[in-house]
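Position one of the sequence shown corresponds to residue 0 (numbering that gives the first Met the number 0), numbered consecutively onward.
Backbone N, C-alpha and C define an ideal beta-carbon position, used for all residues, glycine too.
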Amino acid sequence: MRGAEALVGSLTAAGVDVCFMNPGTSEMHFVQALDAVPEMRGVLALFEGVATGAADAYARIAGKPAAVLLHLGPGLGNGLANLHNARRAGTPLLCVVGGHATDHVRFDAPLESDITAVARTVSGWVHTSGDVRDVAADAMRALAATGERGGQVATLVLPADVSWSEGASPAPPLPAAGPFPPDPSRVAAAADAVRAPGATLLLGGPALSAAGVDAAGRIAAATGARLLVETFPRCWETGAGRTRIDKLAYFAEQAIAQLDGTSSLVLAGARSPVSFFGYPGVPGDLVPEGAAVVGLADPATDATAALEALADAVAGDAAPALAPHEAPEPAPGALDVRGLCAAVAATLPQDAIVVDEALTAAASLAMSLQTAPRHTQIALTGGAIGMGLPAAVGAAVAAPDRPVVAVQADGSALYTAQALWTMARERLDVTVVLINNAAYSILRVELARTGAGEAAHSGRAGRMLDLSDPTPDFTALATGLGVPAERVTTTEDLLDALRRAQAEPGPHLVEAIVPALG
Numbered sequence: 000m001r002g003a004e005a006l007v008g009s010l011t012a013a014g015v016d017v018c019f020m021n022p023g024t025s026e027m028h029f030v031q032a033l034d035a036v037p038e039m040r041g042v043l044a045l046f047e048g049v050a051t052g053a054a055d056a057y058a059r060i061a062g063k064p065a066a067v068l069l070h071l072g073p074g075l076g077n078g079l080a081n082l083h084n085a086r087r088a089g090t091p092l093l094c095v096v097g098g099h100a101t102d103h104v105r106f107d108a109p110l111e112s113d114i115t116a117v118a119r120t121v122s123g124w125v126h127t128s129g130d131v132r133d134v135a136a137d138a139m140r141a142l143a144a145t146g147e148r149g150g151q152v153a154t155l156v157l158p159a160d161v162s163w164s165e166g167a168s169p170a171p172p173l174p175a176a177g178p179f180p181p182d183p184s185r186v187a188a189a190a191d192a193v194r195a196p197g198a199t200l201l202l203g204g205p206a207l208s209a210a211g212v213d214a215a216g217r218i219a220a221a222t223g224a225r226l227l228v229e230t231f232p233r234c235w236e237t238g239a240g241r242t243r244i245d246k247l248a249y250f251a252e253q254a255i256a257q258l259d260g261t262s263s264l265v266l267a268g269a270r271s272p273v274s275f276f277g278y279p280g281v282p283g284d285l286v287p288e289g290a291a292v293v294g295l296a297d298p299a300t301d302a303t304a305a306l307e308a309l310a311d312a313v314a315g316d317a318a319p320a321l322a323p324h325e326a327p328e329p330a331p332g333a334l335d336v337r338g339l340c341a342a343v344a345a346t347l348p349q350d351a352i353v354v355d356e357a358l359t360a361a362a363s364l365a366m367s368l369q370t371a372p373r374h375t376q377i378a379l380t381g382g383a384i385g386m387g388l389p390a391a392v393g394a395a396v397a398a399p400d401r402p403v404v405a406v407q408a409d410g411s412a413l414y415t416a417q418a419l420w421t422m423a424r425e426r427l428d429v430t431v432v433l434i435n436n437a438a439y440s441i442l443r444v445e446l447a448r449t450g451a452g453e454a455a456h457s458g459r460a461g462r463m464l465d466l467s468d469p470t471p472d473f474t475a476l477a478t479g480l481g482v483p484a485e486r487v488t489t490t491e492d493l494l495d496a497l498r499r500a501q502a503e504p505g506p507h508l509v510e511a512i513v514p515a516l517g
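Put into structure tokens, the structure is as follows:
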């Protein structure tokens, strides 16, 4: 059989049955293989950043490797930001990049580039398949590599002639690399730390499973240790009926205040916290001076098992303090960020998936969702904006029986608005709450924090942080891409719009007009 058919067939036999893609000429035989291997579902994106972001979220929710197909070096480049987010999340993601036919490379055609060099910036494993007889086995090696180091991007470059040539045969899957088991010595060290006054347990990555959060709650109940979740969790089981945990703040000054008084910081699936940027006169390392940092489980370790082992060591039969279900009706009147977040929490369906790219509204959203119905949150792990709408696509494909609610900042939405078209085409159950404040509000705040000046509303600097003149019309944009949409300006209208959207199948967008910050 042809190389592409053997590759696609081997992937489906290994359990990879969805591929997000934006193909070009060099990938046509891969596309044709979708007819020969109907078990593979192709999901078309209009921009590569949508395809990579969707694949990232798909893997986070499905709990298995995702696949994405991109076109040559420029296509890989277009998808790079969300591959960066996937790398920071430890997402197992197979990235197949079409390449020029082997004997065509020497001509240095217009689209020729160093794909391998670009791929290495986000990939833990990179290989170019050089022979049709090896292509399926190469794909299986790439798939196995996605599970290494706790999860990583593995990029397989697929030259067009390897894809179209005859002589390939399917290859069996290789054993998947799993996380490392907990280290007993680290569990013992963490047990000593949490028993002492002033301990803080910082959870991240794989520690935020339902079982991991429950074990952390037991530890806190028995020892008095404080619990915090990393600022941008990759996949967090939270809400009513789960252990109530605050997020570590985004702004360094607030995070330093949260960690004040910490004598030992125990890391479970999280990295030692640092500020997202350097600021004049503000420490970049957020660990309080003199506090011991104790590594219970790094991102490559089974953090849930490590937390359960720690709970068994220190907590006995202690029960975690669970968040109650409290969804008070938001105050009526003109919308602001607080009312918007309260409305999202008040209308959130049970077992929903919340995609958080709310940015300046994120802190308010986190507080509102603590007592909302039980749900899963995924967030902007690498800080590269434009993740939210693609992630909603991937989450909805991974869990078609669960509603997805994407709380989306306006500036970030404009990076990957094409995801709305894929939502419409695939008839995905996604409700997008589009926060339109007609500004890069986060940058207005950062202007002052970096010492560059006061928040700018006019002049040349102000124009660079403003999204008006003209103000994007997301209702029209969504409608044009096939997603029903409406605009709201009051809390009452937002509540009604959310309830209507969640009562109907398919995607919806609610454009919520709120005042800008800063």
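Open item on the list: Taking contact to mean 3 or more Cβ pairs, one atom from each stretch, closer than 8 Å, check whether the stretch 40–56 and the stretch 201–211 are in contact.
Closed with: no
Task: Integer-rounded CB distance, given that Ala248 should sit under 8 Å from Ala254 - done: 5 Å
Task: Ranges of the alpha helix (DSSP H) found wholly within the stretch 58–90, counting only runs of at least 4 - done: 71–77, 79–88
TODO: Look up Met20 in the DSSP assignment and say whether it is helix, strand or coil.
DONE: strand
Task: Of the residues Arg233, Pro180, Val354, the one placed nearest Leu309, counting alpha carbons only - done: Pro180
- [ ] Tell me the start and end of each unbroken alpha helix (DSSP H) in the stretch 391–478 that is at least 4 residues and wholly inside, in chain order.
- [x] 409–412, 418–425, 440–448, 458–463
Open item on the list: By the DSSP assignment, the alpha helix (DSSP H) with Ile114 in it spans what residues?
Closed with: 114–119
Task: N-terminal and C-terminal residue of the beta strand (DSSP E) that Ala296 is part of - done: 291–296
Task: Contact check, Leu45 vs Trp420, beta carbons under 8 Å - done: yes
Task: Same chain only: Cβ atoms within 7 Å of Asp259, ignoring 5 sequence neighbours per side - done: Pro287
Task: Where Gly381 falls, given that 16 or more other Cβ within 10 Å makes a residue buried - done: buried
Task: As assigned by DSSP and simplified to three states, the class of Gln253 - done: helix
TODO: Run the CB neighbour count on Gly177, radius 10 Å, all protein chains shown included, and call it buried at 16 or more, exposed below.
DONE: exposed
TODO: Could you pull out every residue in the same chain whose Cβ sits closer than 6 Å to the Cβ of Thr115, ignoring the five residues on either side in sequence?
DONE: Val125
Task: 8 Å contact criterion, which Arg424 and Ile352 should meet: CB distance rounded - done: Between Ile352 and Arg424 the Cβ distance is about 20 Å, and since that is not below 8 Å, they are no contact.
Task: Alpha-carbon to alpha-carbon, Glu485 and Ile218 - done: 46 Å
- [ ] List the DSSP bridge partners of Glu510.
- [x] Leu433, Arg486
TODO: Give the DSSP-derived three-state secondary structure of Cys340 in the structure shown.
DONE: helix
Open item on the list: Measuring only the C-alpha atoms, how far is Met386 from Ala357?
Closed with: 11 Å
Open item on the list: Taking the beta carbon of Ser208 as the centre, do at least 16 other beta carbons fall within 10 Å, making it buried, or is it exposed?
Closed with: buried
Task: Proximity below 8 Å, CB of Ser467 to CB of Ala496 - done: no
Open item on the list: Which of the three DSSP states is assigned to Leu155 in this structure?
Closed with: strand
Open item on the list: Is it buried or exposed, Ser271, if we count other Cβ atoms within 10 angstroms and call 16 or more buried?
Closed with: exposed
- [ ] May I ask you to list the residues that DSSP assigns as paired with Val95?
- [x] Leu68, Leu155
Task: Burial state of Asp355, where buried means 16 or more other Cβ atoms lie within 10 Å - done: buried
TODO: With DSSP collapsed to three states, give me the class of Arg132.
DONE: helix
Open item on the list: I'd like the list of long-range same chain contacts for Leu93, defined as Cβ closer than 6 Å, with 5 residues on each side in sequence excluded.
Closed with: Pro64, Ala66, Ala141, Leu142, Thr145, Ala153
TODO: Could you give the DSSP three-state label for Gln349: helix, strand or coil?
DONE: coil
Task: Short Cβ contact (8 Å threshold) for Val49 with Thr359 - done: no
Open item on the list: Three Cβ pairs or more, each shorter than 8 Å: is that satisfied between the stretch 331–342 and the stretch 385–399?
Closed with: no
Task: C-beta atoms of Ala322 and Arg194 nearer than 8 Å - done: no
Open item on the list: Going by beta-carbon coordinates alone, are Ala318 and Ala305 separated by less than 8 Å?
Closed with: no
Open item on the list: DSSP has Gly41 in a bridge; who is on the other side?
Closed with: Cys18
Open item on the list: Check whether the stretch 276–285 and the stretch 182–191 are in contact - that is, three or more C-beta pairs closer than 8 Å.
Closed with: no
- [ ] Reducing DSSP to helix, strand and coil, say where Thr11 ends up.
- [x] helix
Open item on the list: Taking 8 Å as the threshold (C-beta atoms), are Leu494 and Ala371 in contact?
Closed with: no
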